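Peer 1: Below is a structure I'd like to ask you about.
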């Protein structure tokens with residue numbers, strides 16, 4: 018009977034009772050709650066209807082006319098309802114939520130999906146009839162994504178794209194989106210790792226030979242410089258227009274104070290100086 022779970026089937030209506038309906042699915046009798054019938058749907062004994070067979074929390078098969086986002090044969094995004102020590106509880110459009118077990122999630126809980134994130138999954142059914150969510154593998158994503166022609170690389174260059182991570186590794190972040198674009202962001206192109214299933218936006222930096230997007234979470238150099246300059250200005254404004262730093266200051270002290278490298282600090286100082294927003298006196302920096 019477990020082979021019926023997680024899939025759509027044609028079912029024959031055998032009996033209609035006050036709270037439930039008895040169906041026959043491939044010579045197996047399965048119950049369906051009356052509450053799962055659409056008010057506009059009129060069902061009579063002998064009718065043939067399409068149903069989805071799912072398992073209860075005890076592993077017992079039930080039928081529904083609802084159409085879930087995913088099946089054992091189909092992958093899609095499922096919104097996360099909540100997470101617990103057991104894993105991520107997701108909504109797949111059924112009367113009950115499905116859990117993606119903690120064993121299938123990243124080792125670091127900091128990058129586990131949160132409520133509102135959406136993770137790319139399918140369904141798997143255990144021998145006892147229990148139904149779980151299963152994360153899309155690299156093999157599956159490689160089969161379902163739509164490659165981008167390398168000749169269109171210039172059209173995508175620096176374009177901003179939204180996607181959701183489906184695989185998180187030390188080497189980088191693997192992402193997929195509704196346009197079936199497969200993306201990769203190397204660890205050197207991110208300042209922090211996003212959560213699994215979190216919607217993120219990044220900048221396209223290239224298309225590889227497989228038609229996959231290479232991206233970056235980091236801003237362009239001039240954007241970064243503007244951000245760094247703002248950090249320095251904010252510091253000066255909150256310290257009476259003065260700071261004991263200049264372009265010769267110790268790199269460690271610069272990093273500890275401004276969270277930027279010395280080279281970035283020097284570029285930002287130069288930008289502010291040219292804009293006549295700061296001046297240097299006695300190895301110190303002042304607002305003008």
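Numbering (this note's numbering), first residue to last: 18 to 305.
Positions of the beta carbon are idealized from the N, C-alpha and C atoms, including for glycine.
Values in this document were obtained by computation on a predicted structure and should not be read as measured data.
1. Give me the Cα-Cα distance between residue 194 and residue 181, rounded to the nearest whole angstrom.
2. Report, in whole angstroms, the separation of the C-beta atoms of residue 249 and residue 275, which I expect to be a contact under 8 Å.
3. Between the alpha carbons of residue 173 and residue 300, how many angstroms are there, rounded?
4. By how many angstroms is the C-alpha of residue 116 removed from the C-alpha of residue 69?
5. In the DSSP output, what is residue 24 paired with across the bridge?
6. Considering only DSSP beta bridges, list what residue 33 is partnered with.
7. Any chance the segment 156-164 sits against the segment 115-130, with 3 or more Cβ pairs inside 8 Å?
8. With a CB to CB cut of under 7 Å and the five nearest residues on each side skipped, what residues in its chain are close to residue 111?
9. Give the DSSP bridge partners of residue 106, in chain order.
10. I'd like the list of long-range same chain contacts for residue 105, defined as Cβ closer than 6 Å, with 5 residues on each side in sequence excluded.
11. Which residues does DSSP list as the beta-bridge partners of residue 295?
12. Could you please give the first and the last residue of the uninterrupted alpha helix (DSSP H) stretch that includes residue 130?
13. Looking at the structure shown, is residue 218 part of a helix, part of a strand, or coil, going by DSSP?
14. Measuring straight from C-alpha to C-alpha, what distance separates residue 136 and residue 95?
15. Can you tell me where the beta strand (DSSP E) with residue 179 in it begins and where it stops?
16. Just to confirm, is the Cβ distance from residue 162 to residue 198 under 8 Å?
17. With a threshold of 7 Å on Cβ separation, who are the neighbours of residue 185 within its own chain once the five nearest residues in sequence on each side are excluded?
18. If you reduce the DSSP assignment to three classes, tell me which class residue 87 lands in.
19. Alpha carbon to alpha carbon, how far is residue 200 from residue 102?
20. Looking only at its own chain, which residues have a Cβ that is under 6 Å from the Cβ of residue 41, when we skip the five neighbours before and after it?
21. Residue 207 to residue 177, Cα distance in whole Å?
22. Would you give the residue range spanned by the alpha helix (DSSP H) that residue 142 belongs to?
23. Is it right to say residue 297 is buried, meaning 16 or more other beta carbons lie within 10 angstroms of its own, or is it exposed?
24. In the structure shown, what three-state DSSP assignment does residue 289 receive?
25. Cα-Cα, which of 291, 75, 92 and 293 is closest to residue 24?
26. Under a three-way DSSP split, which group does residue 156 fall into?
27. Let's test the definition: count the other Cβ atoms within 10 Å of the Cβ of residue 266 and tell me whether it reaches 16, buried, or not, exposed.
Peer 2: In this structure, then:
1. 6 Å
2. 7 Å
3. 45 Å
4. 18 Å
5. 70
6. 38
7. no
8. 71, 81, 83 and 85
9. 99 and 116
10. 97, 117 and 130
11. 304
12. Per DSSP, residue 130 belongs to no alpha helix (DSSP H) and is neither H nor E.
13. strand
14. 5 Å
15. 177-186
16. yes
17. 123, 128, 210 and 213
18. coil
19. 30 Å
20. 29 and 31
21. 15 Å
22. It is not in any alpha helix (DSSP H) - residue 142 instead sits in the beta strand (DSSP E) that spans 135-142.
23. exposed
24. helix
25. 92
26. helix
27. buried
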